[in-house]
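Since the structure comes first, as structure tokens, the remarks are kept for the end.
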Amino acid sequence: TWHMISAGIAAESFQAQRYLAFTNVAGQTIIANRQEIENMMANERSYPITVSYHPPKVFEGMIPEEIPGYEIQRTFLRFIKNACTDVNYEIYNVKHKHQRRTFERYLLYLEDHYHQCDDHLEDAMNGWELYMRYPFMTGSMGLIDKTGPNLTKVLRGEADVLEFLFGG
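The sequence shown maps to residues 200 to 367 in my numbering.
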């Protein structure tokens with residue numbers, strides 16, 4: 200823990216399952232699989248085990264104060280990715296012309312994020328998970344909390360975004 204603190208890594212926000220690699224004496228490395236890590240540690244032939252820190256590419260050089268902002272961005276992109284998945288990434292499943300233009304922009308945002316950050320958002324937090332980890336952000340995503348989960352309905356033309364923002 201002292202090494203984490205001296206490196207500027209907050210223990211309460213550190214996600215070991217995402218960032219730590221466990222390598223046994225035979226050279227087998229396990230990342231992000233708690234059960235396999237426990238099996239390795241229970242096996243006497245695995246020792247000595249080396250634990251190393253492998254942050255995602257995007258966190259290299261990022262100061263701890265920037266991480267909450269990045270996690271908000273990932274949450275936004277997760278809503279977009281879920282909506283794009285729900286319409287099968289097909290522009291013809293988006294009803295209105297102006298929403299098709301927005302949909303194209305969404306695809307560009309996702310592709311840009313994938314290529315620049317090597318992050319496919321599988322473990323991006325939803326709004327409530329984000330608030331639990333960063334309580335000081337509660338309410339900072341008020342509009343996104345209303346529209347994000349309903350973005351698929353908006354893209355399909357089943358609802359107007361203004362209904363979610365200002366009530367029906």
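Just so you know, even glycine gets a beta-carbon here, dropped at the ideal spot from N, CA and C.
For residue i, the nearest candidate out of the options (CA to CA)
| i | options | result |
| --- | --- | --- |
| residue 242 | 271, 346, 251, 224 | 224 |
| residue 323 | 366, 270, 310, 361 | 270 |
| residue 319 | 276, 254, 232 | 276 |
| residue 279 | 261, 260, 302, 289 | 302 |
| residue 328 | 231, 305, 273 | 273 |
Residue interval of the beta strand (DSSP E) (run including residue i)
| i | result |
| --- | --- |
| residue 220 | 219 to 222 |
Span separating the alpha-carbon of residue i from that of residue j
| i | j | result |
| --- | --- | --- |
| residue 256 | residue 316 | 6 Å |
| residue 321 | residue 337 | 23 Å |
| residue 331 | residue 264 | 17 Å |
| residue 240 | residue 345 | 44 Å |
| residue 236 | residue 299 | 45 Å |
| residue 238 | residue 258 | 29 Å |
Residue span of the alpha helix (DSSP H) that contains residue i, given as start and end
| i | result |
| --- | --- |
| residue 360 | 360 to 365 |
| residue 346 | 341 to 346 |
| residue 279 | 266 to 285 |
| residue 236 | 233 to 241 |
Anticipated Cβ contact below 8 Å, residue i with residue j, distance rounded
| i | j | result |
| --- | --- | --- |
| residue 267 | residue 308 | About 19 Å separates the two Cβ atoms, so there is no contact after all. |
| residue 361 | residue 342 | In fact, because the Cβ distance is near 11 Å, the residues do not count as touching under 8 Å. |
### Task
Would you be able to state if there are at least three C-beta pairs under 8 Å between the stretch 281 to 297 and the stretch 339 to 355?
Enough Cβ pairs lie closer than 8 Å, so yes.
### Query
Would you call the stretch 245 to 265 and the stretch 217 to 237 touching, i.e. three or more CB-CB distances under 8 Å?
A contact is defined here as three or more CB-CB pairs under 8 Å, and the stretch 245 to 265 meets this definition with respect to the stretch 217 to 237.
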